[in-house]
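Asker:
Chains as they are written, first to last, in the working numbering: chain A, 12 to 432; chain B, 290 to 557.
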C-alpha cells in the first residue's frame, strides 16, 4: 500500500475524455494496491529505488516556462511544461498529409489497451495529464522530425508525460523527444508507446538532459509489424537516477528493430537500462548497441534480455553493451541474457566493462598527445559508433556537443579523474 | 620538434646498459646503442630476442620497466618521461601492428599532438595532405578512424604521414616491413630515407629479416641475441645473416637458454 497524494480520487479529478478518466482511476487503484519496487526484485537490482520517497513530490498542475535551447529543423513540434501541453506547432502542409499531433480525445479509446510494464508505468497511466498522440496515416512519409519537448521547472513536481507514436502501414516518420529541466528536484516518469505498422519505418531519438536532482523512471514499449523497421535510440546524459525500460516486440514476420543508446554518468548519477528484445514472429531481426561511460562516483546498470519465442524461427538477434569506467569511484554493471526457444536462430551478446584501453592511450601518447587529451579523444571516439547510427540526424550535432562538454570534464572534476600513464 | 630553420640540428639517442623487465621477466640484459641524426641503424634478432621490448622501452610503453641503465635523447633523460613527453623530446615510433583507435581520426590526433608541443594546429591539415601525397596514401582514408579497416600497407603509409607531420629527431621502426606489400614498403622506406637526408632524421629499424634493408639502407647493423647486442657492424653483417641465419651468434652464447631455435634458413 503506497500512501501518497497519488490516489484514485486525484487521478479521477484530472480532466479528459470519459474512457481516459476510467482508465486513470483503474490504474490509480492498481498503484494504490501495489507495493513499492525494491532491490530484492531482479529488475530493480543495483538501483537506488529504496531511496525514492514519492511523498516528496506533488502532481504538477501548472505549466511553467519553456526550454530556451534551440531545436533542430522539424516538421512539427509539441512542447510540455511540467507535464502540461503547450503550443502544438503543426504546419498546414503537414496536417494536410493527415499527420496528427494532439492530446488524446474522445475517439481514441482503442489506444487505452497498452501494457503497463511496472508500477511507474501504471502511475503514468493514472496521472498523465495530457497524453500526446503522434499519428502518421498509412503510406505517408513525413519530411523532417516531429519534435516533442518536455521542460520541468516546478520544484518538487511529479510529471508523467505519455507519448504514443502510431505509424500507419508503409508510413515513414522520425520523432525526437527532448527532456530538460531547471536545476530543481523533481520526478518524471514518462511512457512512450511506438506502434510501427506493417512496412512502416520509424526513427526515434530521446535526448535526456535533465538536471542533477531529477529522478527519471521511464519505459518505452514498441510493437513492430511485418517488414516494418524501428530504429529507437537515446542519449542519457542527465538526472540523478535515470532509468529507462525498453521493451521491443518484434510482432510481425520480417520485423526489424535497431536499439542504439549512449549514456555518460558523472558526479553522483545512476543511469539504468533494462532492455527486452522479444522475437515473437519468424524472420525478425533485432540489434542492440548500448555504450556508456561512468566517471566520478557515478554508476550505470545495463541488463538486457533477448527472448526468441518458439515460433520465431529465422531470428537474428544481437546485443552489445560496452562500458568505460573512467574513475576508481565509478561503477558499471552489465548483464546480458538470452532465452531461446527455437533452434533456427542467430543470436549473440557481448558485454564489457573496463578502463580506457591502454594500447589506444599509448598509441596516441606516443605521437605526443598528452594523457588527458588522449583520454578525451578515445572516449569521444568510443561514442562515435553510436552517434553514427542515431536516427534523426538533425539532432546529432547538439547531442555530440553536449556529450563533449561532459567529456571535457574528464580529469577536471576531482582526484579520481586522473589516470596513470 | 621543428628545428628546420638554419639547417637540421644534430641529435643523438643514447641507450646505455639498458635492462628491462616485462611482467616480472628480464627481457633486456644490458643493451648499448647510439643513434645519431642522419644515421640508419638496424637492430636484427631472432624471435624472442627482445627487439620489440627495446622499441617499447625506449618509447615508454607502460609495463616495460627499466630496472637499470639509461635512455637519453640529446642528454634529456627519457626514462622518467611519459610517452607523450618523449614524443615532444623528438622521439617517434611505429608499431608492428598499429593499434586501432575507433572514432579518432589521423588529422585530429596530429592537431592535438602539434598543439600540445607548441606548434600551429591550423597548419596540420595542409601538412597531412602533402605528406599523404608523398607516400601515396589514399586521401579518402585520412577520414577513417586510426588504423581501423586499413590494410597493413595503408597502416604503415599512415604512420609515414604521421612521421612527416611530426618531424621527429629519432624514429624507431618496429618490423616496418611486416604485413606490407612491396609498393607500400618502397613508398614508406623512401619517405623515411628522404627524412634522414633532408631532415637529418635518425632511424632505429628493428627487423627480423634483412628484406627491409634492401629498401631502407642501414649504416650500422646490430645483432640482438637474448636481450643484449651480440655484434655490431656495417651492412655486410646483414648480408652474412642472409647466409647463416642467427645460429653463429646463438652458438656463441650457448650457455644462455634460447627459447626459439631457428632450423637452418629462417627465410621462407
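From the three backbone atoms N, C-alpha and C, an ideal C-beta is built for every residue, glycine too.
1. Taking C-beta pairs closer than 7 Å, name the residues in chain B that residue 391 of chain A reaches, listed in chain order.
2. For residue 215 of chain A, list the residues DSSP reports as bridge partners.
3. Answer yes or no: do residue 315 of chain A and residue 366 of chain A have a C-beta to C-beta separation smaller than 8 Å?
4. Start and end of the alpha helix (DSSP H) containing residue 410 of chain A?
5. Nearest by alpha-carbon distance to residue 408 of chain B: which of B:424, B:456, B:444, B:420 is it?
6. Quick check on the burial criterion: 16 or more other C-beta atoms within 10 angstroms. Buried or exposed for residue 392 of chain B?
7. So residue 229 of chain A and residue 207 of chain A are in contact, right, with Cβ under 8 Å, and what is the actual spacing, rounded?
8. What residue range does the alpha helix (DSSP H) around residue 131 of chain A cover?
9. Between which two residues does the beta strand (DSSP E) carrying residue 274 of chain A extend?
10. Alpha carbon to alpha carbon, what distance is there between residue 536 of chain B and residue 305 of chain B?
11. Just confirm the distance between the C-beta atoms of residue 295 of chain A and residue 326 of chain A, as a whole number of angstroms; I'd bet it's less than 8 Å.
12. To be precise: take each residue of the region 361-387 of chain A, compare its Cβ to all Cβ atoms of chain B, and keep it if any distance is under 7 Å. Which residues remain?
13. Would you please verify whether the beta carbon of residue 396 of chain A is less than 8 Å from any beta carbon of chain B?
14. Taking the straight line between their C-alpha atoms, what separation do you get for residue 529 of chain B and residue 331 of chain B?
15. Which ranges does the alpha helix (DSSP H) cover as unbroken runs of at least 4 residues, wholly within the region 353-386 of chain A, from first to last along the chain?
16. In three-state terms, what does DSSP make of residue 126 of chain A?
17. Looking at C-alpha atoms only, which residue of A:31, A:57, A:64, A:35 is the closest neighbour of residue 46 of chain A?
18. What in chain A is Cβ-close to residue 388 of chain B, meaning under 7 Å?
19. Give the C-beta separation of residue 466 of chain B and residue 474 of chain B to the nearest angstrom, bearing in mind that I take them to be a contact with Cβ-Cβ under 8 Å.
20. Sort B:517, B:479, B:338 by Cα distance to residue 502 of chain B and report the nearest one.
21. At a Cβ cut of 8 Å, what residues of the region 449-464 of chain B count as close to chain A, listed as they run along the chain?
22. Counting along the chain, where does the beta strand (DSSP E) carrying residue 512 of chain B start and finish?
23. When the Cα atoms are used, what is the spatial distance from residue 412 of chain A to residue 438 of chain B?
24. Could you tell me whether any Cβ in chain E is nearer than 8 Å to the Cβ of residue 538 of chain B?
25. Quick check: what's the CA-CA separation for residue 418 of chain B versus residue 428 of chain B?
26. Our contact map puts residue 513 of chain B next to residue 338 of chain B with C-beta atoms below 8 Å; I'd like the distance itself, whole angstroms only.
27. Taking contact to mean at least 3 C-beta pairs separated by less than 8 Å, is the region 138-155 of chain A in contact with the region 274-282 of chain A?
28. If you measure beta-carbon to beta-carbon, which residues of the region 341-360 of chain B are closer than 7 Å to chain A?
29. Hey, could you find the ends of the beta strand (DSSP E) residue 394 of chain B is sitting in?
30. Counting along the chain, where does the beta strand (DSSP E) carrying residue 230 of chain A start and finish?
31. What does DSSP give as the partner residues of residue 60 of chain A in its beta bridges?
32. Using DSSP with H/G/I as helix, E/B as strand and the rest coil, what is residue 348 of chain A?
33. Excluding the 5 residues flanking residue 12 of chain A on each side, which residues of the same chain have their C-beta closer than 6 Å to its C-beta?
34. Do residue 375 of chain A and residue 397 of chain B have their CB atoms nearer than 8 Å?
35. Enumerate in chain order the residues of its own chain whose CB-to-CB distance from residue 89 of chain A is below 7 Å, with the five nearest sequence positions on each side excluded.
36. How far does the beta strand (DSSP E) with residue 424 of chain B in it reach, from first residue to last?
Answerer: The structure says:
1. 392
2. A:186, A:243
3. no
4. 407-419
5. B:456
6. buried
7. About 19 Å; that fails the 8 Å criterion.
8. 130-138
9. 267-276
10. 26 Å
11. 6 Å
12. 369, 370, 371, 373, 374, 375, 376, 377, 378, 379, 380, 381, 382, 384
13. yes
14. 14 Å
15. 369-376
16. coil
17. A:64
18. 370, 371, 374
19. 5 Å
20. B:479
21. 451, 455
22. 509-514
23. 27 Å
24. In summary, chain E is missing from the structure at hand, where the protein chains are A and B.
25. 7 Å
26. 5 Å
27. no
28. 348, 350, 351
29. 390-394
30. 225-235
31. According to DSSP, which records beta bridges pairwise, residue 60 of chain A is partnered with nothing at all.
32. strand
33. Low confidence applies here, because residue 12 of chain A scores a pLDDT of 41, under 50, leaving its location unreliable and the question unanswered by this model.
34. no
35. 96, 99, 112, 143, 159
36. Neither: residue 424 of chain B is in no beta strand (DSSP E) and is coded neither H nor E.
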